[in-house]
Amino acid sequence: MTSTFHFLPLCTLLFFIISPSSLAQTSFRPKALVLPISKDASSLQYIAQLNQRTPLVPIKLTLDLGGQFLWVDCEQHYVSSTYKPIRCHSAQCSLANGNGCGECYSSPKPGCNNNTCSQFPDNSVTHTATSGELAQDVVSIQSTNGLNPGRVVSVSNFIFTCGSTFLLKGLASGVKGMAGFGRTRISVPSQFSTAFSFHRKFAICLSSSTSSNGVMFFGDGPYVLLPNNDVSKSLIYTPLIKNPVSTASAYTQGDPSAEYFIGVKSIKINGKVLSWKSSPEDSIFMNGP
Ligand SMILES: *[C@@H]1O[C@H](CO)[C@@H](O)[C@H](O)[C@H]1NC(C)=O
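In numbering that gives the first Met the number 0, the protein residues as written are 0 to 288.
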């Protein structure tokens with residue numbers, strides 16, 4: 000059997016269903032969220048911009064499709080009145096699969112607090128990870144009805160990990176961290192789904208051009224791309240395969256991979272079947288950024 004990859008005129012649309020849905024919390028409930036995605040001309044990384052902190056600051060992040068969570072550099076210019084470290088042994092710590100209990104021997108600040116739950120922020124471009132404090136802060140994003148942008152909504156306790164300035168090495172200029180979209184409870188799409196009671200679905204349309212943006216939708220379709228193309232009607236589906244072994248740069252034994260895998264039987268390019276040794280274990284490794 001042959002798998003054929005379908006390309007939309009403007010971009011490739013990837014569509015993911017994470018797992019069954021979960022709990023509610025806000026009064027205005029958006030139907031879906033939208034996030035423009037640009038392509039950085041020099042690194043060719045895909046970049047998203049989210050607003051975080053109080054007062055809100057626009058933060059550029061490299062998209063990491065298989066990343067476990069959002070991480071940002073907390074060492075430089077992290078100022079926020081709503082920053083909250085996640086305590087060891089708390090419910091949020093277990094939701095985040097926290098792997099340790101951190102102490103910090105300098106004055107308390109974002110990224111440096113005692114009795115905090117830690118994780119491994121991972122730069123998947125350079126395959127470098129470090130240990131960092133898990134925390135919560137406000138994140139805001141634009142809602143949409145699938146067609147037109149709607150009001151800006153926010154999640155007050157968005158979970159993320161504090162990375163370090165050195166971990167930004169290899170990321171696009173101006174970027175302050177990575178936005179992980181993988182299959183974990185605290186990935187960016189999982190947290191939006193939980194906060195707004197969406198189905199656990201998101202869609203990414205990546206532009207091949209550095210001069211025109213792509214877009215990401217969180218929640219249900221329609222996913223309308225200009226001029227008036229509801230791409231949610233033309234999607235094809237394939238099962239996502241779980242990999243029980245972590246593919247992160249640093250992990251705890253027994254952790255599953257947060258990346259999405261698909262089973263591929265063969266690859267055809269321009270009608271020609273690529274010759275490769277296929278085995279039942281082969282799967283295509285769909286990694287961001
Ligand atoms: C953490 O606790 C140690 C020992 O009590 C103390 O020296 C240090 O200043 C504390 N750090 C922070 C960030 O509060």
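The beta carbon of each residue, even a glycine, is placed where N, CA and C say it ideally should be.
Give me the Cβ distance between residue i and residue j, rounded to the nearest whole Å; I'm assuming they're in contact under 8 Å.
i, j, result
"leucine 239", "isoleucine 261", "6 Å"
"valine 230", "tyrosine 222", "5 Å"
"valine 214", "proline 35", "6 Å"
"isoleucine 158", "phenylalanine 68", "7 Å"
"serine 189", "lysine 38", "Rounded, the Cβ-Cβ distance is 25 Å, inconsistent with contact."
"glycine 66", "tyrosine 259", "Going by Cβ atoms, the distance from glycine 66 to tyrosine 259 rounds to 11 Å, so no, they are not a contact pair."
"glutamine 51", "valine 137", "7 Å"
Can you grab the Cα-Cα spacing for the pair residue i / residue j, in whole Å?
i, j, result
"leucine 49", "glycine 270", "41 Å"
"serine 155", "lysine 267", "46 Å"
"serine 20", "histidine 198", "Caution is warranted here: a pLDDT of 36 is assigned to serine 20, below 50, making its placement in the model unreliable, and the coordinate value is therefore given only provisionally. Going by the C-alpha atoms only, they are around 5 Å apart."
"leucine 85", "glycine 179", "Checking the sequence, you will find isoleucine at residue 85 rather than leucine. Spanning the two alpha carbons is a distance of roughly 19 Å."
"threonine 246", "valine 124", "13 Å"
"serine 248", "arginine 184", "19 Å"
"lysine 30", "lysine 108", "36 Å"
"cysteine 111", "glutamate 132", "7 Å"
"threonine 129", "tryptophan 275", "36 Å"
"threonine 251", "serine 79", "31 Å"
"leucine 289", "glycine 176", "Outside the modelled stretch of the chain, which goes from 0 to 288, sits residue 289, for which no answer is possible."
"lysine 168", "arginine 150", "35 Å"
"valine 152", "histidine 126", "33 Å"
"isoleucine 203", "threonine 115", "33 Å"
"asparagine 212", "alanine 40", "12 Å"
"leucine 299", "asparagine 113", "The structure shown does not extend to residue 299, since the chain spans only 0 to 288, so no value can be given for it."
"threonine 61", "glutamine 135", "19 Å"
"leucine 146", "glycine 220", "9 Å"
"proline 148", "phenylalanine 27", "15 Å"
"serine 186", "serine 192", "10 Å"
Hey, could you find the ends of the alpha helix (DSSP H) residue i is sitting in?
i, result
"valine 71", "From DSSP, valine 71 is part of no alpha helix (DSSP H) but of the beta strand (DSSP E) over 69-72."
"valine 56", "Premise fails: valine 56 lies in the beta strand (DSSP E), 56-63, not in any alpha helix (DSSP H)."
"phenylalanine 191", "187-195"
Starting from residue i, follow the beta strand (DSSP E) in both directions and report where the run begins and ends.
i, result
"glutamine 91", "Where glutamine 91 is concerned, there is no enclosing beta strand (DSSP E), although the alpha helix (DSSP H) it sits in stretches over 90-94."
"glutamine 118", "115-118"
"cysteine 87", "From DSSP, cysteine 87 is part of no beta strand (DSSP E); its letter is neither H nor E."
"leucine 32", "31-38"
"glycine 97", "From DSSP, glycine 97 is part of no beta strand (DSSP E); its letter is neither H nor E."
"proline 148", "148-162"
"glutamate 132", "131-143"
"serine 206", "200-206"
"glutamine 48", "45-51"
"valine 263", "Where valine 263 is concerned, there is no enclosing beta strand (DSSP E), given that its DSSP letter is neither H nor E."
"leucine 179", "One point to set straight first is that residue 179 is glycine, not leucine, in the sequence displayed. First-last of the beta strand (DSSP E) with glycine 179: 176-179."
"phenylalanine 27", "Run containing phenylalanine 27: none; DSSP gives neither H nor E here."
"threonine 66", "In the sequence as presented, threonine is not what sits at residue 66; that position holds glycine. Glycine 66 -> no beta strand (DSSP E), and no H or E assigned at all."
"glycine 213", "213-218"
Closer than 7 Å to a non-hydrogen atom of ligand 1 - does that hold for the CB of residue i?
i, result
"tyrosine 259", "no"
"serine 105", "yes"
"glutamate 102", "yes"
"asparagine 269", "no"
"cysteine 111", "yes"
Say whether chain D places a C-beta atom closer than 8 Å to the C-beta of residue i.
i, result
"tyrosine 250", "Protein chain content of the structure displayed is limited to a single chain, and chain D is not contained in it."
Does the count of Cβ pairs from the segment 240-252 and the segment 42-61 closer than 8 Å reach three?
No, they do not touch.
Whether or not the segment 162-169 and the segment 188-204 are in contact is what I'm after, with contact meaning three or more pairs of Cβ atoms, one per stretch, closer than 8 Å; do they touch?
A contact is defined here as three or more CB-CB pairs under 8 Å, and the segment 188-204 fails this definition with respect to the segment 162-169.
Would you be able to state if there are at least three C-beta pairs under 8 Å between the segment 141-153 and the segment 92-112?
With the cut-off at 8 Å, the segment 92-112 and the segment 141-153 do not touch.
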